């Protein structure tokens, strides 16, 4: 019995009581009852506070309602016992066979286990990384790469139609500075004072000269335009290649310039004006955002007729909505806190609902340390630490896992010594090793002719306390996936995998899975091998949702 099945059993019990007239619920029986794993086995396998939640509606003291529900649940042959605790909590202990049916369900579901149709029909746009094509992706921008990619995978597992999008800022002052830097270096000089530095600037400049051999003989304006065009293309190709090596590829690379070329800026301004949310003052056109909670109104079109930066944001958001995305999630760096208010105000100005149609997530800083001291390792990008540096230092899997393991709204210090160790101190090694060990057990079982076939599976044989602990951990996987999607926090999945790895190792330490020597293969061996197979499914699926490889050997 999975937690979802137990929830349905509770709903059915409430419905039965209501139909017999033993319980009155004027607002109706809830469609779902929340159940949670207990912290101590002394309190059963699962607990629910549904009696406290429904007591007022039922007109009964919580404990009295809990007693009614407990008496109904005791008739189930899948429930061993029901106890009332405190003011009305219900603690439920499952029969061993009922609990162990989870293993069968997982093996039969395979890689689809943990998924659902909860988000079927929803179209979600995730925009993340989106660093300017003026240099390699730095460690701050790197943080959202695995987080955004993992969220996309998890939303997809719940049935959503997800698009991963990179906003390619290919116009503006920073692109001009990049072009001037390339031209200056190509001519043997130093970048301008406000330009870009690092070995990559010289590399890109030399590549442009190889592509356009006569570029240095062109007039300054034409030469700069050539370095701008070719340099941005080369830099962006490098960014794409770096992200690909990190396991992150985007469905859409949206060019900022296209907003101007297509007339999208004008359409957005016209829409906002038609909705009564613009006004003219001091020769400029203003967007009335203060009334929607922004700290002040914003200039939308300057007095010289050129669109302000927020005009591009407006056009881009409108474009996403016109493409059919009902939820647009933007993942921003730590220096964008002050930007959230104006984005939410912009959303309202279009008649949409903040946090329903538009979300803005902020990721905090990432620091690399070794022996407790900050690491200074970047050369190609001047003083900036890049994704390439991190991958080179710890590998792509460890880099992804390290960045996704912590809540994005907290700053993190990544100890490079820890993340390169082949030991349980290294979280990604610990989780990957658990998966490799599971695969090894299954291979050894196959060599002995022991097949984890669910047709011969006797769930009642998985009655050991450590087997129960592991079964409850595996049963929680769908709820973990659902909570990650709801809270936008994939670090919860990483921490779940680490905790479940510890639970598996405790099980394996005391529960022998395979026969030894001349020992005959028993039904218990087969039952435990099914449990191992179910655990392997969960680890393989969990690592895949985080974009981390699941090695079969280590």
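Numbering (the working numbering), first residue to last: 10 to 563.
Don't be surprised by glycine CBs; every beta carbon is placed ideally from N, CA and C.
Being a predicted model, the structure only gives us computed values, none of them experimental.
Can you give me the Cβ contacts of residue 40 inside the same chain, cut-off strictly under 8 Å, excluding the 5 residues immediately before and after it? By one-based count along the chain shown, residue 40 stands at place 31. 20, listed in sequence order.
Taking 6 Å as the limit between beta carbons, can you name the residues of its chain near residue 478, skipping five residues before and five after? Translated into the one-based positions of the chain shown, residue 478 becomes position 469. Closer than 6 Å at the Cβ level, and outside the excluded window around residue 478, lie 512.
Does DSSP put residue 298 in a helix, a strand or coil? Locating residue 298 in the chain shown gives position 289, counting from the first residue. Correct three-state label for residue 298: coil.
Hey, would you say residue 468 sits closer than 8 Å to residue 64, going by beta carbons? Along the chain shown, read from residue 1 onward, the residue named residue 468 stands at position 459. Along the chain shown, read from residue 1 onward, the residue named residue 64 stands at position 55. It is not a contact, given that the beta carbons lie outside the stated cut-off.
Pair every Cβ in the stretch 300 to 312 with every Cβ in the stretch 343 to 357, then say whether three or more of these pairs are closer than 8 Å. yes
DSSP beta-bridge partners for residue 336? Taking the first residue of the chain shown as 1, we reach residue 336 at position 327. In DSSP, residue 336 forms a bridge with 133.
Residue 202 (DSSP reduced to helix, strand or coil): Numbered from 1 along the chain shown, position 193 holds the residue referred to as residue 202. Note: residue 202 maps to coil in three-state DSSP.
Please go through the same chain and pick out, in chain order, the residues whose beta-carbon is closer than 6 Å to the beta-carbon of residue 153, but skip the five residues on each side of it. Taking the chain shown and counting its residues from 1, one reaches residue 153 at position 144. If we look at residue 153 and ignore the five residues flanking it on each side, its Cβ neighbours are 137, 138, 340 and 372.
If residue 579 and residue 245 are in contact, beta carbons under 8 Å, what's the gap, nearest whole angstrom? This structure cannot speak to residue 579, because the chain is shown only from 10 to 563.
If I follow the unbroken beta strand (DSSP E) through residue 102, where does it start and stop? Position 93 of the chain shown, counted from the start, is the residue given in the question as residue 102. Looking at the DSSP string, the run of the beta strand (DSSP E) that includes residue 102 is 98 to 103.
Considering only residues of the same chain and omitting the five flanking positions on each side of residue 442, which have a CB-CB separation below 7 Å? Taking the chain shown and counting its residues from 1, the one referred to as residue 442 is at position 433. Counting only Cβ-Cβ distances below 7 Å, and skipping sequence neighbours, we find 563.
How should residue 288 be labelled, buried or exposed, when 16 other C-beta atoms within 10 angstroms of its C-beta is the threshold for buried? Locating residue 288 in the chain shown gives position 279, counting from the first residue. Here residue 288 is exposed, its C-beta having fewer than 16 other C-beta atoms within 10 Å.
With a threshold of 16 other CB atoms inside 10 Å of the CB of residue 368, please say whether the residue is buried or exposed. In the chain shown, residue 368 corresponds to position 359, counting from 1. Residue 368 comes out buried.
Just verifying my parser: in three-state terms, what is the DSSP assignment at residue 313? Translated into positions along the chain shown, residue 313 becomes position 304. Note: residue 313 maps to coil in three-state DSSP.
Buried/exposed call for residue 204, threshold 16 Cβ in 10 Å: The count along the chain shown starts at 1 and reaches residue 204 at position 195. Classification for residue 204: buried.
Applying the 10 Å Cβ sphere with the 16-neighbour rule, what's the burial state of residue 387? On the chain shown, position 378 is the one that residue 387 refers to. Residue confidence is low: residue 387 scores 44 on pLDDT, short of 50, so the model does not pin down where it sits. Its coordinate-derived value is still stated next. Taking all protein chains in view, the Cβ of residue 387 is crowded by 16 or more other Cβ atoms within 10 Å, so the residue is classified as buried.
Unbroken alpha helix (DSSP H) run spanning residue 269, endpoints: Along the chain shown, one-based indexing puts residue 269 at 260. Note, residue 269: alpha helix (DSSP H), 265 to 270.
Within 10 angstroms of its Cβ, does residue 532 collect 16 or more other Cβ (buried), or is it exposed? In the chain shown, the residue the question calls residue 532 occupies position 523. The residue is exposed, with fewer than 16 neighbouring Cβ atoms inside 10 Å.
Check residue 177 in the structure and name its three-state DSSP category. Here residue 177 corresponds to residue number 168 of the chain shown, with the count starting at 1. It is a strand residue.
For residue 463 versus residue 117, is the C-beta distance shorter than 8 Å? Position 454 of the chain shown, counted from the first residue, corresponds to residue 463. Position 108 of the chain shown, counted from the first residue, corresponds to residue 117. Yes.
When you compare only the Cα positions, how much space is there between residue 500 and residue 194? Here residue 500 corresponds to residue number 491 of the chain shown, with the count starting at 1. Here residue 194 corresponds to residue number 185 of the chain shown, with the count starting at 1. Looking at the two C-alpha atoms, the distance is approximately 43 Å.
In three-state DSSP terms, what is residue 364? The count along the chain shown starts at 1 and reaches residue 364 at position 355. Residue state, collapsed to three classes: coil.
Coarse secondary structure for residue 370, derived from DSSP in three states: Looking up residue 370 in the chain shown gives position 361. Reduced to three states, the DSSP call for residue 370 is strand.
Rounded to whole angstroms, what's the CA-CA distance from residue 254 to residue 421? Just pull it up for me. Residue numbering aside, residue 254 sits at position 245 when the chain shown is read from its first letter. Residue numbering aside, residue 421 sits at position 412 when the chain shown is read from its first letter. When rounded, the distance between both Cα atoms is 23 Å.
Buried or exposed (CB count within 10 angstroms, at least 16 for buried), residue 390: On the chain shown, residue 390 is found 381 positions in, with the first residue counted as 1. Bear in mind that the predicted position of residue 390 carries a pLDDT of just 47, short of 50, making it too unreliable to give a figure here.
Are residue 124 and residue 166 closer than 8 Å when you measure CB to CB? The sequence position of residue 124 within the chain shown is 115, counting from 1. The sequence position of residue 166 within the chain shown is 157, counting from 1. Cβ distance < 8 Å, so residue 124 and residue 166 count as in contact.
Can you tell me the Cα-Cα spacing of residue 307 and residue 278, whole angstroms? Within the chain shown, the letter at position 298 stands for residue 307. Within the chain shown, the letter at position 269 stands for residue 278. So the two alpha carbons sit approximately 13 Å from each other.
Since residue 576 and residue 128 should fall inside the 8 Å C-beta cutoff, what is the C-beta to C-beta distance between them, to a whole number of angstroms? An answer regarding residue 576 cannot be provided, because it is not within the stretch 10 to 563 covered by the chain.
When the distance is taken between beta carbons, is residue 457 closer than 8 Å to residue 545? For the purposes of this step, residue 545 is identified with residue 536 of the chain shown, where counting begins at 1. For the purposes of this step, residue 457 is identified with residue 448 of the chain shown, where counting begins at 1. Contact: no.
Return the first residue and the last residue of the beta strand (DSSP E) that residue 453 is part of. By 1-based counting over the chain shown, the position of residue 453 is 444. Per DSSP, residue 453 belongs to no beta strand (DSSP E); it is in the alpha helix (DSSP H), 436 to 456.
Cα-Cα separation, residue 215 to residue 491: The count along the chain shown starts at 1 and reaches residue 215 at position 206. The count along the chain shown starts at 1 and reaches residue 491 at position 482. Computed Cα separation, rounded: 49 Å.
Quick one: what's got a C-beta closer than 6 Å to residue 411's C-beta in the same chain, skipping five residues either side? Your numbering for residue 411 matches position 402 in the chain shown. Excluding positions up to five away in sequence, the list reads 423 and 428.
Got a sec, what are the start and stop residues for the beta strand (DSSP E) residue 566 sits in? Missing from the structure shown is residue 566; the chain here goes from 10 to 563 and no further.
Give the DSSP-derived three-state secondary structure of residue 171 in the structure shown. Residue 171 sits at position 162 when you count from the first residue of the chain shown. In the structure shown, residue 171 falls within a strand segment according to DSSP collapsed to helix, strand and coil.
Check residue 304 in the structure and name its three-state DSSP category. Translated into positions along the chain shown, residue 304 becomes position 295. Residue 304: coil per DSSP, three-state reduction.
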